[in-house]
Structure formats: C-alpha cells, structure tokens
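So the sequence shown is residues 2 to 544, counted in the numbering used here. One structure below.
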Amino acid sequence: MSLFLDIFGYLTVILHGAALAAQALTVGGIASWFLLVRPLGLDVDLPIRRLLAGSALLLAIVSLFDLALRMATLVGTTQLSIAEAAGADFVPALCAKAMVALIVALLCWRRQAAAGGLMAILAVLLIVAATGTTHAVGRLDGRPFLALMGALHMLGAAVWIGGIPYFLMALAETSDRRGLGRIGKRFSAMAMASVVVLVTTGTFMAVNYVGDWDALYGTAYGLMVMSKIMLLAVLLLLGAMNFRLVDRLAGDAATPLLRLRRFAEAEIGIGFTVFFAAASLTSIPPGVDLDRDRVSFQEIAARLTPKWPSFSTPSHGDLAIPALQAALDAGAAAGRQRLGQAFVPGTGEAPPRNAFDIAWSEYNHHWAGLAVLLIGLAALAERSGRVPWARHWPLLFLGLAAFLFVRSDPENWPLGDISFLDGFRDPEIVQHRLYTMLITVFGIFEWRVRTGRTASKSAALMFPVVTAIAGMLLLTHAHSIGNVREELLIEATHLPMALCGVVAGWSRWVELRADPGAARVASWVWPVCFSLVGLLLIAYRET
C-alpha cells in the first residue's frame, strides 16, 4: 500500500487531466451541435457523432478508473470497509459522471446525437457532476458560489477548446465558400463568449482560492495559477489571429483556410495542456489555506538570479544514500547490526539528501542546460541556411538522454545499489525515465527527418508531439524532497521551462503544417524557446 500511495498523487493528476480533456470534448461537442451545426444546417452528423461518442466513452472509462483508484486508497489507508468508503463525497460525483457519459455515448451510437434537449441536459449534468471533485466541495464558506464559478469555468473551457475539433470538422465538410464564413463567424462568437466566462469566473476563483498576492508567487497553487494565465495568454493570441482570418473570410470567400486550421490545432494542444495544469491545481491545497511554508518574493528572486554554473561533480560515494549504505554495510560486516538498505523506493518516505546531493543535482542541470542551449543554437544555425552540418543537431539529444539516464537518480542502477526494476517504485524516477525515453525517441526521429533518411510526414510530427508532451508533463512533475519550501523554489524554476517546451512544440507543429508565411515565423520561435530552456537550466541552482 505504501508503494501505491507513493504513486497515487501523480497518477490522480494524469487521470484528472485526461478526464477534463474528454469532458471538454464531450460537452464541447454537444454545445457545437446546438449552437453551430443545427442553426446552420450543416451535414456533419457522422464525424461529430463518432468523436462525441469516443470522447464520452473515454470520459466514462477514466472516471470509473479514478473511482476505483480513490476507493482503493481510502480503504487501504483507513479502517473503513468498502461499503463505508462508498459514502465519500467523490463517489456519487464520479459515478454520476461515468453514467451520464455512457448515456451520451449510447445516444450517439444510436444516431440520436440531436435527441431534442436531452443532450443539452446531459451536458449540464456532466458539468454539475464534475464540480463534485473540485476544491469547492471542501470549502466551508461560499461553497455554492465557488461551485457555480467552477461549473461555469469548465463550461466555458469546453465550449471554446472542446468545440474547436467540431469547428474544424464543420470547415472540412463544407464546400460552400460563403458557408465557411458563416461557420467561422458563429464559432468566433461562441469562443469570445466563452473567453468572457473563463476570465470572469477564473478571476473570482483566483481571488477566493489564492487569497492574496503573496500566495500567488509564494505557494505551489499560486504558481500553477500563474502558469495557467500564461498559457491562456498564448491561447488568446492564437485566437486573435484566427479571429482576423475569420473576419477576412467573411468578407472574401477566397481567403485561404490552411493557417486558420493550423492555428486552431495549436489551440487544441495548448488548451489540453491547460487541462492538465488545472488537474495539478486540484491535487494541491489552495494558497489561501497555506499560511506557513510560503516563499517570499526575495527568496524567489535570489534563486532565479543567474550565477556562474558549476561543472564539477562530487564523488558518488559522498551522496547521502551511498554514504549511508556504506555505513550500514560496514556495521553489518563488523557484526554490530543486521545488513540493511539505506533507502527503499516506494515506501512513501523522501530520500535523504545532503550538500553533495544538491551539488550533484546542480551539476546535472548545468550540463543538461549546456546541451539544450547548443541544440537551440544549432537549430538556429540550420535555420539560417549557412551551416549545412548543423542539421545533425538532433544527435545531441542522444548524448543528453544517456547522460540523464546515468546521473538523474544516482541511488539507482547503474550507479547505485537499487536495481533497475525496483527504481520504478518511485514516481519521480518513473518520470525521469519517461523523459529519457521521450528524448531518445525524439532525437532519433528528428535526425532522420533532418538528414532526409525518412520522408514520412508522421515522423516529422514526432518533434512537436514529444516536445509538447514533455512540456505538459513537466507542469505536473513532482519532486520528492521533504522540504515544502525547497520544493516550491525548484518548481518556480521548472515551470518557465515547461511553458517554453509547450510553446516550442506547437510552434514546430505550425511550421510543419501551416502556410509558408506562418511557418517562416514559427521556424524561429521554437529554437529560441529551446535556447531559453538551456539558459534556465544553466542558471539552475538549489542553494
């Protein structure tokens, strides 16, 4: 059970993020049917029903899995029986969400996606059920108001982000150029109304959950809220550019739609990233409830102030776990004690750390930053067209992956005594190995694309997909340190890297799929983002 609890928190965030994305697609599909498809008489029934049914089914599956996970945790950590645990607040909420989602999927399969007002009622019920797993449920004051704000916030996100795929379907299935203008205008109105709802409700919730300015930058909750705001700003920029294209389309039916579609695809990807950031928010206490362990602005500024990086590493034997293990082994050899293991992953306890562990971590970050900076600069050099050999820059990722695999977790194989398989008991190590795998896959595929060894468009898309996923996962990345303030300071340095990763990924997506004008601008954006990540890693420190 201790192992299960150790991974429960991170797994819950991933599940909740997937549920928010599926919920947005489900509610957004229903809203698009009633606000876009039916009023304009569009003939897109089949593709909409397929996506809507798939989204609803995914939502039901994720909700049921989340329910089982929470129940197992509650029963395993308390003296409650399964029947008693079934009385928890989250049980009816998740059951209702799964049941309603299954009904939506069934109606779509039976070709009743437009079954009168029933689908609209089901969409409302989904949003209401979803509020049962938000922070509003646990509040003592203002619970109805916060629940209403949360419900409207999720509805606004669903209509806007969840509605974009259906908007793209409507564009793809419409051959009438004048009809395209009407579709664009109507969806723009839907999106703008949703943005107003999102910003308004988000402001109210931030005031109630964050509490004050100090909590905005001094708590993990506040930092995640700031990350959401920054991602929303990028979404609004893309939305504004699409609004201009829609306005041109309404006046000139011959306006090309390629850029509009590609910007909309990037909106979907960044919007889904926001859902995972929102899922992270539900896993941490609101800033208003944290009076202790806040980090001051001066501490954050001091930590982020650049200093000359360290490129020298301490000895592996000086690290806390190897040193403790050596002492235990010596005691056992002398017969003073039984042979023991200095640290067992999966017990729920934070691993011991000392000054040498901090120096080891900083060394890793600095060398990784140097590698990422070289990658960004080499990509810029290739983009200039004056350095042909720079196209081999993806091979640097293979060296970076090997470096991280060996040094990220020195207590584990190949440097430490913890075996390769036992390392998977620690969620932080699992995340590190996942990043290593993504970096390796990314480097191989992108090198083959850059050198012309593969002409597959799917292989080229591996770059933006992996980069965007890595940035999204970094938003949900947790560090097992045992010091809340220190963990918060580390998150303050990692979140800018995550945001740069998300922007880099979707910029590359636009470069590959958009028209030459948009692609030309995007081709400069992502290498700059990589270079910024490299500089942030080089400036990283934990003291």
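Ideal Cβ placement from N, Cα and C applies to all residues, glycine included.
Q.
Can you tell me whether P307 is buried or exposed? The criterion is at least 16 other CB atoms within 10 Å of its CB, across all chains shown.
A. exposed
**Q.** Reference V522; option with closest CA among F188, V450, N365, R260
**A.** R260
Q: Tell me whether I285 sits in a helix, a strand or coil according to DSSP, three-state version.
A: coil
Q: Spell out the partners DSSP gives N413 in its beta bridges.
A: I419
Q: Using the Cα positions of R140 and A216, report the straight-line distance between them to the nearest angstrom.
A: 18 Å
Q) Just to confirm, are I440 and F398 a CB contact at a threshold of 7 Å? A) yes
Q: Just the C-alpha distance for F66 and A382, rounded to the nearest angstrom, thanks.
A: 47 Å
(Q) Short of 8 Å in beta carbon distance, which residues of its chain neighbour P353, apart from the five on each side in sequence? Order them along the chain. (A) A321, I322, L325, A343, F344
(Q) Restricting to Cα atoms, I'd like to know which of F446, R39, Y222, S524 is closest to G386. (A) S524
(Q) Can you tell me where the alpha helix (DSSP H) holding S524 begins and where it ends? (A) 517-539
Q) In chain order, what residues of the same chain have a beta carbon less than 7 Å from the beta carbon of H317, not counting five sequence neighbours either side? A) P323, P411, L416
(Q) Count Cβ pairs between the stretch 461-478 and the stretch 190-207 that sit closer than 8 Å; are there 3 or more? (A) no
**Q.** Those runs of the alpha helix (DSSP H) which lie wholly inside the stretch 249-308 and span at least 4 residues
**A.** 259-283, 298-305
(Q) At the level of alpha carbons, what is the spacing between H433 and V504? (A) 21 Å
**Q.** Endpoints, alpha helix (DSSP H) assigned at S189
**A.** 178-211
Q: Give the straight-line distance between the Cα atoms of L435 and P48, rounded to the nearest whole angstrom.
A: 34 Å
Q | Reference A360; option with closest CA among S311, A331, I271, A333 | A | S311
Q: Using 10 angstroms around the beta-carbon of I122, count the other beta-carbons present and answer buried if the total reaches 16, otherwise exposed.
A: exposed
Q | Neighbour-count burial assignment, Q80, 16 or more Cβ in a 10 Å radius | A | exposed
Q.
Looking only at its chain, what residues have a beta carbon closer than 8 Å to the beta carbon of D269, apart from the 5 residues adjacent to it on each side?
A. The identity of residue 269 in the sequence shown is Ile, whereas the question assumes Asp. Within the same chain, I269 has close Cβ partners I162, I165, P166.
Q) Just to confirm, are V289 and G219 a CB contact at a threshold of 7 Å? A) no
Q) Is it buried or exposed for S313, if we count other Cβ within 10 angstroms and need 16 for buried? A) exposed
Q) H480 by DSSP, collapsed to three states: which one? A) With a pLDDT of only 49 at H480, under 50, the local geometry of the prediction cannot be trusted, and the value read off the model is given with reservation. Looking at H480 - three-state DSSP - the assignment turns out to be coil, as it is neither helix nor strand.
**Q.** Three-pair Cβ contact test at 8 Å for the stretch 263-283 versus the stretch 227-238
**A.** yes
Q. Tell me which same chain residues have a C-beta within less than 8 Å of the C-beta of R187, skipping the five on either side of it?
A. L36, L37, P40, L41
Q: Please list, in chain order, all residues of the same chain as H367 whose beta carbon is under 8 Å from its beta carbon, the five residues on each side excluded.
A: P310, S311, F312, L538, I539, Y541
**Q.** Nearest-angstrom beta carbon gap, A137 and L147 [assumed within contact, 8 Å]
**A.** 4 Å
Q: Give the straight-line distance between the Cα atoms of V534 and I184, rounded to the nearest whole angstrom.
A: 39 Å
(Q) Going by DSSP, what residue range makes up the alpha helix (DSSP H) through G42? (A) Where G42 is concerned, there is no enclosing alpha helix (DSSP H), given that its DSSP letter is neither H nor E.
Q) By Cβ distance below 7 Å, which residues in the same chain neighbour S409 in space, the five residues on each side in sequence not counted? A) N365, H433
**Q.** Nonlocal neighbours in the same chain, by C-beta distance under 8 Å from W414, ignoring five residues either side
**A.** S420, F421, G424
Q) Using the C-alpha atoms, what's the distance from L53 back to T437? A) 35 Å
(Q) As a quick exercise: from V63, L60, M155, V226, pick the residue whose alpha carbon is nearest that of P287. (A) V226
Q: Confirm, please, whether the CB-CB distance from R245 to R514 is below 7 Å.
A: no
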